[in-house]
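Every letter in the sequence shown is one number past the one before it in my numbering, and letter 130, counting from 1, is 133.
Backbone N, C-alpha and C define an ideal beta-carbon position, used for all residues, glycine too.
Remember, predicted model here, so these are calculated numbers, not experimental data.
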Amino acid sequence: MTSVTLVGARLTDPGTEFVYHGESSACEGCPYRQQCLNLTEGVRYRVLGVRENTQVLDCAVHDEGVRAVEVEPAPVTANVPSKGAYAGSKASLQGPCPHTECPSHEYCVPEGAEFDQEYRISDVLGDPPHDHCHLDRNLTLVEFEPADE
């Protein structure tokens, strides 16, 4: 389901993805709060396009202002335990990983997914980008279905 919201002018290119983190203290007193703070915290979104005839509005958070865009919840790419990882099944993240230099780290600790929740797998992408897991986990790279709002 698409939504209209305000995002930083630097984030308005179609296809740009972001995780909505909620209200900033700089939002207090802003006249655009209702149009800007209307997404679900912790959900990954994809920009579909800029609304026609919109202008850049001043913003205390975004240095180049904000613009009205259409967004939709986006899928999250993640590494999950290989056992039972198939399209249509549910899986959760294995747990935190301290190895930030690993090419798989962004998929083991993906933005837009929490460790204590289960997600439905929409697609199995295959082997993760690492050669060897430093925590000896047997992982598969998958795509979670976008969040329901």
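{"Item": "Through-space distance from Thr80 to Leu142, alpha-carbon basis", "Value": "13 angstroms"}
{"Item": "Endpoints, the alpha helix (DSSP H) within which Arg54 is located", "Value": "That residue, Arg54, is in no alpha helix (DSSP H); it is neither H nor E in DSSP."}
{"Item": "Whole runs of the alpha helix (DSSP H) within the segment 24–92, excluding any shorter than 4 residues", "Value": "36–39"}
{"Item": "7 angstroms Cβ shell around Ala77 - same chain, five flanking residues per side excluded", "Value": "Glu20, Arg47, Tyr48, Arg49 and Pro149"}
{"Item": "Sheet register partners of Phe147 (DSSP bridge)", "Value": "Val79 and Ile124"}
{"Item": "Beta strand (DSSP E) segment containing Glu20, residue limits", "Value": "Glu20 to Val22"}
{"Item": "Inter-residue spacing [alpha-carbon to alpha-carbon] between Pro113 and His65", "Value": "24 angstroms"}
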